[in-house]
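Presented below is the structure to which this report refers.
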Amino acid sequence: MALRRLGTQAQTFTFRLKTLSGESVFSNKNKAYLSLVLMYNTQTRNISSLEVTKNISLLSQEKKKSNVINLKLDSPEGKPLVVLLSWLMAKKKHVYKYADIYLKRGFDVLNISISPWQLLWPAKGSQVVAKDLLKFLDVNNTYAPLVLHGFSVGAYLWGEVMVQIASERERYNHVVDRISGQIWDSAADVTEISVGVPVAVFPRNAVLQNALRQYMQYHLKAFDRVATTHYIRSSQMFHTNLVHAPACMFISKTDPIGTEASNLRVKESWENMGIHVTYKCWDKSPHVGHFRMHEKEYLEELHQFLDSIRSDNKKEATQQKLKAKL
19 MALRRLGTQA
29 QTFTFRLKTL
39 SGESVFSNKN
49 KAYLSLVLMY
59 NTQTRNISSL
69 EVTKNISLLS
79 QEKKKSNVIN
89 LKLDSPEGKP
99 LVVLLSWLMA
109 KKKHVYKYAD
119 IYLKRGFDVL
129 NISISPWQLL
139 WPAKGSQVVA
149 KDLLKFLDVN
159 NTYAPLVLHG
169 FSVGAYLWGE
179 VMVQIASERE
189 RYNHVVDRIS
199 GQIWDSAADV
209 TEISVGVPVA
219 VFPRNAVLQN
229 ALRQYMQYHL
239 KAFDRVATTH
249 YIRSSQMFHT
259 NLVHAPACMF
269 ISKTDPIGTE
279 ASNLRVKESW
289 ENMGIHVTYK
299 CWDKSPHVGH
309 FRMHEKEYLE
319 ELHQFLDSIR
329 SDNKKEATQQ
339 KLKAKL
């Protein structure tokens with residue numbers, strides 16, 4: 019049994035094994051249930067990670083005592099929750115830097131990731147992850163309010179979630195209604211898939227990038243019904259956003275994957291629908307590298323946005339109390 023390293027900083031691992039037979043837990047024949055909590059030490063605090071599925075983990079300041087049964091926590095949480103939709107091949111130590119921002123503000127963080135294979139084959143990959151994410155938000159309805167923070171391909175994944183919401187709108191209205199804000203960093207559209215995937219998989223190998231890029235172009239043409247059609251539908255849902263909560267967008271003029279042009283089209287579409295959009299565009303900054311390159315500006319914009327939606331939430335809560343008294 020191996021535990022993957024989460025970084026070079028101090029780490030503590032706590033785990034509990036429950037055997038379902040009398041054999042050794044390390045026996046090949048033995049079927050074991052593993053309840054695993056990872057404690058990752060950042061510069062400021064420990065981050066506890068509870069595995070919900072292979073693609074979804076719940077991050078918090080304290081170790082969760084909950085068990086997860088059919089994606090539902092047996093000890094409900096009444097806290098605000100950030101849905102962190104990671105970029106492709108994101109390293110945990112990088113994701114946790116964003117998570118720590120929210121943990122300091124009292125949020126729990128639900129981190130969601132997909133693999134290149136899951137992206138290439140949506141029906142058995144990304145759509146399954148999207149279904150699990152939506153079910154988690156549905157059955158754990160005491161998590162409120164919700165804030166979305168998506169990176170790159172995370173925009174596509176959220177589009178897949180909205181496809182499923184649209185198919186049963188009445189059932190999932192409460193999920194949409196609990197979302198108080200949405201942040202999109204380097205959001206990538208379907209037109210940039212063949213550009214972004216090779217860079218994510220082979221960041222330092224131009225030859226392999228080119229080979230995978232050629233395959234991606236072939237994949238989009240050859241597997242239209244099982245792949246490309248789903249990418250296009252997700253993109254349409256992202257542009258015609260079911261979530262009308264205020265939005266904050268981080269992009270740059272030099273990003274070849276989450277391009278300025280494609281993000282401006284999204285911004286225009288949302289504003290035409292009445293969504294308030296805060297927009298930050300840098301002259302030079304790499305894909306999903308805005309926080310690293312412009313940390314002070316990034317944090318100022320992000321905290322200002324979070325403060326504004328928190329203020330809106332308080333006003334709405336006050337109005338609801340007044341209505342209840344009347």
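Using my numbering, the letters of the sequence shown correspond one by one to residues 19 to 344.
All C-beta atoms, glycine included, are put in the ideal place defined by N, C-alpha and C.
When the Cα atoms are used, what is the spatial distance from residue i to residue j?
i           : j           : result
residue 231 : residue 287 : 29 Å
residue 301 : residue 271 : 5 Å
residue 319 : residue 327 : 13 Å
residue 323 : residue 240 : 42 Å
residue 290 : residue 67  : 39 Å
residue 276 : residue 82  : 35 Å
residue 190 : residue 75  : 21 Å
residue 134 : residue 144 : 9 Å
residue 196 : residue 228 : 42 Å
residue 330 : residue 141 : 38 Å
residue 169 : residue 94  : 28 Å
residue 137 : residue 263 : 27 Å
residue 155 : residue 120 : 18 Å
residue 139 : residue 246 : 10 Å
residue 283 : residue 236 : 26 Å
residue 321 : residue 248 : 34 Å
residue 226 : residue 122 : 40 Å
residue 84  : residue 293 : 36 Å
residue 255 : residue 179 : 9 Å
residue 242 : residue 325 : 43 Å
residue 204 : residue 258 : 18 Å
residue 317 : residue 309 : 8 Å
residue 92  : residue 69  : 14 Å
residue 153 : residue 126 : 17 Å
residue 114 : residue 233 : 32 Å
residue 80  : residue 187 : 34 Å
residue 238 : residue 278 : 23 Å
residue 311 : residue 299 : 13 Å
residue 280 : residue 274 : 10 Å
residue 185 : residue 128 : 24 Å
residue 124 : residue 112 : 20 Å
residue 171 : residue 244 : 18 Å
Per DSSP, residue i forms a beta bridge with which residues?
i           : result
residue 69  : 75
residue 200 : 166 and 265
residue 128 : 76 and 101
residue 219 : According to DSSP, residue 219 bridges with nothing at all.
residue 85  : In DSSP, residue 85 forms no bridge with anything.
Please report the Cβ distance between residue i and residue j, rounded to the nearest whole angstrom; I am assuming they are in contact, meaning their Cβ atoms lie under 8 Å.
i           : j           : result
residue 151 : residue 132 : Incorrect: roughly 10 Å between the Cβ atoms, too far for contact.
residue 206 : residue 214 : 5 Å
residue 250 : residue 208 : 6 Å
residue 2   : residue 72  : This structure cannot settle anything about residue 2, because the visible part of the chain is limited to 19 through 344.
residue 77  : residue 87  : So it is not a contact: roughly 20 Å between Cβ atoms.
residue 181 : residue 252 : 6 Å
residue 260 : residue 211 : Their Cβ separation, rounded to whole angstroms, is 22 Å, which puts residue 260 and residue 211 out of contact at 8 Å.
residue 202 : residue 117 : Not confirmed; about 17 Å, so no contact.
residue 314 : residue 297 : Not really, about 18 Å apart at Cβ, beyond 8 Å.
residue 160 : residue 199 : Their Cβ separation, rounded to whole angstroms, is 19 Å, which puts residue 160 and residue 199 out of contact at 8 Å.
Hey, does residue i have any beta-carbon neighbour from chain D nearer than 9 Å?
i          : result
residue 78 : In summary, chain D is missing from the structure at hand, where a single protein chain is found.
Are at least three pairs of beta-carbons, each pair with one atom in the region 161-170 and one in the region 97-105, less than 8 Å apart? yes
Contiguous alpha helix (DSSP H) assignments of at least 4 residues, all confined to the region 149-185: 172-185
Spell out a yes or no on whether the region 102-116 and the region 211-231 are touching, meaning 3 or more CB-CB pairs, one atom from each, closer than 8 Å. yes
Unbroken beta strand (DSSP E) runs of length 3 or more, entirely within the region 236-305: which are they? 265-270 and 295-300
Are at least three pairs of beta-carbons, each pair with one atom in the region 169-176 and one in the region 134-150, less than 8 Å apart? yes
Of all the beta strand (DSSP E) runs that stay within the bounds of the region 89-123, which reach a length of 3 or more residues? 99-103
Do three or more CB pairs link the region 298-316 to the region 253-272 at distances below 8 Å? yes
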